[in-house]
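Here the structure comes first, spelled out in structure tokens, and everything after it is commentary.
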Amino acid sequence: REAAGQARAFHSSGEKMKRGLRILALAAALGVGAVGRAGAQALRTPLNASGTAYVQWTGLNQVWVRANQSNPGTAVNGTPKDWTADIGLRRTRVQIFGQVTPRVFFYSQIGMNNVNALSPGNGGNRKNQLFVHDAVIERRFSGQDQLKVGAGLSILNGFSRFSQPAIASISTLDVPVFAQATVDQTDQFSRKFSLYTRGQVAQLDYRVAVTTPFAYASSGSSPSLSEHASYDPRSAALQYQGLLIWNFAEREPHTTPYMAGTYLGTKRILNLEAGAIHQANAMWSRNGSDTLEHAMTMASVALFAEHPYGTRHAAFSGYFGFFATDYGPGYQRNNGIMNPANGSLNPSASLGGTGNAYPMFTTGTSWYLQAAWVSPDRGEEAVRLQPYVSARRAKSDRLQRPMWITHLGVNLLEHGHQSKMSFDWGVRPVYGEATPAGLAEATARRSEFTLQYQVYLN
């Protein structure tokens, strides 16, 4: 009897082991290599036997630790601050997208941005809530990528590749935010309600959109009317935008509208791009007792390249572009990314704003350059170095001289973009009182030092 009991117990434990193995096998099938390297379909679940229908999700977190040399007159909670130090979340995102049928694609993204100890949160109670960034339905009408038509809340923009950046893959600490020309003024963190078409025909990558901008009044800013142009809260005009890219070498991926900052030497890229945005009667200004309406028109032309060499994906990458931004006469918007200050004891001390702000968005022209090099990929656990430099030279009809914004830094990469540490030194101008002609004169320069850690699940 004892032997029979032991046999039954052994048989029962064997059955439990088999069931456990079957469960693990099923989980592995659904997970598709959940511990794979960057580029593996680790977070992708097939919806049919061939895998052509699927759902995929990604997660991103970017933590910033900073020390900033404050603009003159800066205060934090009413206390003067020559320097500030803070910790914050630059971006926290979750994407869910997939191919529902061979022709129907959906894309959605939720997240939050620019959250630090001074962020007002939802209703001023600190609880910064996740919000919908993107919600798009798209149908393919021709070929693999030749003609797609979509609609919804989308970042698809006409101005440049950095107006729709895949922020997990950028080679600098941050994107050139001035290229997101209307951010949080008549859009929702660069997203707008759009009806668009995009695709790739031979070497041509195109995207064209008709957009309903958000009402300016919903941005939380108080409408202003002066001799300098500002957003017209009465405007209800549609916005038209387009971007054309010619791929001289390899074509870039076209699953989502987002555009990579670097492929870390896995692709050979040479692209020439041209883009534009136009909206009639988007702006207004005052001339005596008259109210004038102005169109908003943006245009850019740029070259983007990535040149891998050797057998381990070492590569040089770079971007060089010219941007013309016409918001109407005298437009200027000061902005500081995740500003570490919340007040000023002397508002006239800096015409560029307080904390880390400067005239980021202006009517004028800009040249923008970035260059990076990434070291060879020497295996699964190796750390790759990616030093970079960027510079922007901007002219504005409100500034006495051209403005220079520079960044120098290095990325430490593990498993591609999945684990990335960045150290960045940024330098910006500070503007004092205006000249007799009413132009702002740069009186000094200030530095900002940022340590970022990024984790990206894909």
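For the sequence shown, the numbering used here begins at 18 and goes up steadily by one. Think of the CB as a built atom: it goes at the ideal place given N, C-alpha and C, for glycine as much as any other residue. Note that this is a predicted model, so its numbers are computed, not measured.
So the beta strand (DSSP E) residue i belongs to, where does it begin and stop?
i: Y473; result: A457 to L474
i: S439; result: S436 to A451
i: S87; result: Taken as a continuous stretch (DSSP letters only), S87 belongs to no beta strand (DSSP E), as it is neither H nor E.
i: K284; result: Counting along the chain, K284 falls outside any beta strand (DSSP E), and DSSP gives it neither H nor E.
i: P376; result: Y375 to T379
i: D103; result: W100 to Q116
i: I262; result: Q256 to N264
i: F148; result: F148 to S159
i: H424; result: M420 to E431
i: S365; result: S365 -> no beta strand (DSSP E), and no H or E assigned at all.
i: V192; result: Looking at the DSSP string, V192 is not in any beta strand (DSSP E), and its letter there is neither H nor E.
i: L221; result: L221 to T229
i: S136; result: First-last for S136: undefined, no H or E at that position.
i: R208; result: Unbroken run through R208: none, as it is neither H nor E.
i: A92; result: T91 to V93
If we ignore side chains and look at the alpha-carbon of each, how far apart do residue i and residue j end up?
i: V200; j: G115; result: 27 Å
i: Y326; j: L402; result: 15 Å
i: G278; j: F195; result: 16 Å
i: G360; j: H271; result: 43 Å
i: P376; j: L147; result: 28 Å
i: V132; j: S239; result: 22 Å
i: N264; j: L221; result: 6 Å
i: P125; j: T273; result: Position check: residue 125 holds Ser in this sequence, whereas Pro was assumed. Approximately 10 Å between the Cα atoms of the pair.
i: A457; j: N352; result: 16 Å
i: V192; j: N174; result: 15 Å
i: P63; j: V117; result: 10 Å
i: R54; j: Q471; result: Reliability of the predicted coordinates at R54 is poor, the pLDDT of 37 falling under 50, and no value is obtained from them.
i: P364; j: F179; result: 32 Å
i: T203; j: M300; result: 11 Å
i: L416; j: R208; result: 29 Å
i: Y348; j: A332; result: 39 Å
i: H330; j: R285; result: 10 Å
i: P419; j: Y344; result: 18 Å
i: A451; j: L368; result: 8 Å
i: I262; j: L164; result: 15 Å
DSSP three-state label for residue i, please.
i: P240; result: coil
i: R251; result: coil
i: I127; result: strand
i: Y275; result: coil
i: F179; result: helix
i: I184; result: helix
i: S67; result: coil
i: A198; result: coil
i: A232; result: coil
i: Q217; result: strand
i: K165; result: strand
i: R143; result: coil
i: L47; result: Here the model assigns L47 a pLDDT of 38, short of 50, so the residue's position is not dependable and the matter cannot be decided.
i: G372; result: coil
i: N356; result: coil
i: R61; result: strand
i: H245; result: coil
i: P119; result: coil
i: N78; result: strand
i: P270; result: coil
i: A297; result: strand
i: L173; result: coil
i: A291; result: strand
On the CB-based measure, 16 or more other CB atoms within 10 Å of its CB, does residue i come out buried or exposed?
i: R120; result: exposed
i: I172; result: buried
i: V218; result: exposed
i: R462; result: exposed
i: P446; result: buried
i: A454; result: exposed
i: E155; result: buried
i: D151; result: buried
i: V400; result: exposed
i: E323; result: buried
i: A51; result: Only weak support exists for where A51 lies, its pLDDT of 34 falling under 50; the coordinates are left without a value.
i: S241; result: exposed
i: L38; result: With a pLDDT of only 42 at L38, under 50, the local geometry of the prediction cannot be trusted, and no value is derived from it.
i: L77; result: buried
i: Q79; result: buried
i: D249; result: buried
Practice prompt. Please specify which runs of the beta strand (DSSP E), each continuous and at least 3 residues long, are wholly inside the stretch 300-352, giving them in chain order.
Written response: DSSP runs (the beta strand (DSSP E)) wholly in the stretch 300-352: 307-326, 331-343 and 349-352.
Discussion item. Which runs of the alpha helix (DSSP H) at least 4 residues long sit entirely within the stretch 385-417? Give them in chain order.
Written reply: Complete alpha helix (DSSP H) runs here, min 4: none at all.
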